[in-house]
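Below is one structure, written out as structure tokens; comments come after it.
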Amino acid sequence: MSVSRLAKIVMVLGLSAFAFMVTFNNITDYNSNFEFVKHVLSMDTTFPGNKGMYRAITSPTLWTLGYWGIILGEGLTCVLLLIGAIEMLRALRRPPQEFDASKRFVIAGATLGFLVWFFGFMVVGGEWFLMWQSGTWNGQTAAFQFYMSMLAVLLFVNQPERA
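Counting from 3, one number per residue, gives the positions in the sequence shown under this note's numbering.
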């Protein structure tokens, strides 16, 4: 049995558990992170007088849709990574080509996770809504940790298996 293959499966399970906990927390403690989304989208804690305020969204309906979009992306990341880990586990003792083929859901899940935390939080939240200007409602450091973990595991998992 390959220790490398087992390590890949365990790391993917770890990412899936992380995405599950984030999703679970956002649903069970809905208002805490809804406040975060509301403040980022409304840009109410960015630098006073900044020229980007025309981008602000002040509609509670759009805040809710944005938040549910984030939760959906996080939940789907969890599911894809879990399916990927199960597929890799099923292919654990199979030839390298079959184990490599079993990684497709992991690649999809980690890519979606990257899109949620990099594109969603860094590009959209951080730059479009100028989240970086807020001392209170700035999730860029946490998002960086999340998407870098996704990328690190994705790079390791995506290494081709040896015969």
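The beta carbon of each residue, even a glycine, is placed where N, CA and C say it ideally should be.
Check                                                                                                                                                        : Outcome
At 4 residues or longer, and completely inside the stretch 66–138: list those alpha helix (DSSP H) runs for me, N to C.                                      : 98–103 and 106–116
Thinking C-alpha only, which one of PRO98, MET150, LEU82 and PHE38 is nearest GLY127?                                                                        : PHE38
Just verifying my parser: in three-state terms, what is the DSSP assignment at LYS40?                                                                        : helix
Which first and last residues belong to the alpha helix (DSSP H) in which SER151 is found?                                                                   : 142–159
Let me make sure I understand the geometry here. Which of ILE11, TYR69, GLN161 and GLY115 has the alpha-carbon closest to that of PHE146?                    : GLY115
Would you call the stretch 146–164 in contact with the stretch 56–68, where contact means no fewer than 3 C-beta pairs closer than 8 Å?                      : no
Do you know offhand how far ILE73's Cα is from GLN135's?                                                                                                     : 24 Å
State the CB to CB distance for the pair LEU156 and ALA112, rounded to an integer number of angstroms; the pair is presumed to be in contact (CB under 8 Å). : 4 Å
Can you check which of these residues, THR138, MET133 and MET90, is closest to LEU43 by C-alpha distance?                                                    : MET133
Report, in whole angstroms, the separation of the C-beta atoms of PHE131 and MET13, which I expect to be a contact under 8 Å.                                : Between MET13 and PHE131 the Cβ distance is about 32 Å, and since that is not below 8 Å, they are no contact.
What's the C-alpha gap between ALA87 and SER61?                                                                                                              : 39 Å
Quick check on the DSSP output: the alpha helix (DSSP H) that includes ASN27 runs from which residue to which?                                               : 5–30
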